[in-house]
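Visitor:
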Amino acid sequence: MKEQPGEVHHRKKEMGKSWIRLYNSKWVILITVWTFFLAMGMSFISDTILRNVNLLVAFMILVIIIFIGIFFDLIGIAVASARETPFHSMAANRIAGAKYAVKLVRNAGSVANFCNDVIGDICGIVSGAAGAILILKLNAISQINISFLSILLSGAVAAITVGGKAIAKEIALRKSKEIVFSAGKVLYFIHSKFNINILPDKRRSAKHERKRDE
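Each residue of the sequence shown is one higher than the one before, counting from 2 in this note's numbering.
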């Protein structure tokens, strides 16, 4: 028996919902595994390096870890706030990176989750551990109370992190197109040189795109 147009539409809608649920489940599992190994790797590297360098280098490494978190936070916010439309004409003109900028915006949820939550949280945890090692190094060469050092360094790390992320958010919202396009160029370079395709080709409905552009 031939299906009615309404039945076909309903079946396609249900299939779309099932695919979204499957994609979300895969993403949750993938991001959990990624976070586990990234956190272990970054903690091991930072801990190993920090214990074998002098105080100045250890402080510089701590600042670098904090700024990595701020940088990825900037990318995540830019991708989440950017519109897809401006990149279509660029992609049509075969401008390098434009196609990957579109993919970034279409995968905005996953990209923002990875940049803001995964990398951001890992950097926060690692910077805390790095700060603890730095406190021990400071305590070994000074007579300052370790509790005071801990409070002082915790305040400094929090101030740099929060202040840096506030500035990054303003930049990301004002320059979202430029930031996403630059990130797209990086993905294009990775794909062209190493044949690694990081983001899936995800289609977006016209209705969703209209809402995004409003």
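Heads up, the beta-carbon is just placed ideally off N, CA and C, and yes, glycines get one too.
Remember, it's a predicted structure, so these values are computed and weren't measured experimentally.
Entirely within the region 137-182 and at least 4 residues each: give me those alpha helix (DSSP H) ranges in chain order.
Guide: Qualifying alpha helix (DSSP H) stretches, in chain order: 147-175.
Visitor: Kindly indicate which three-state DSSP category Arg84 falls into: helix, strand or coil?
Guide: coil
Visitor: With H, G and I counted as helix, E and B as strand and the rest as coil, what does DSSP make of Leu75?
Guide: Of the three classes helix, strand and coil, the one that applies to Leu75 here is helix, per DSSP.
Visitor: Would you kindly work out how many angstroms separate the C-alpha atoms of Ile197 and Ile191, rounded to a whole number?
Guide: 6 angstroms
Visitor: Using beta-carbon positions only, say whether Ala173 and Ala102 come within less than 9 angstroms of one another.
Guide: no
Visitor: Taking C-beta to C-beta, are Leu39 and Ile123 nearer than 9 angstroms?
Guide: yes
Visitor: Tell me the DSSP secondary structure of Val187 in three-state form.
Guide: helix
Visitor: Buried or exposed for Met61, please, with buried defined as at least 16 other CB atoms from any protein chain shown within 10 angstroms of its CB.
Guide: Exposed, because fewer than 16 other Cβ atoms sit within 10 Å of the Cβ of Met61.
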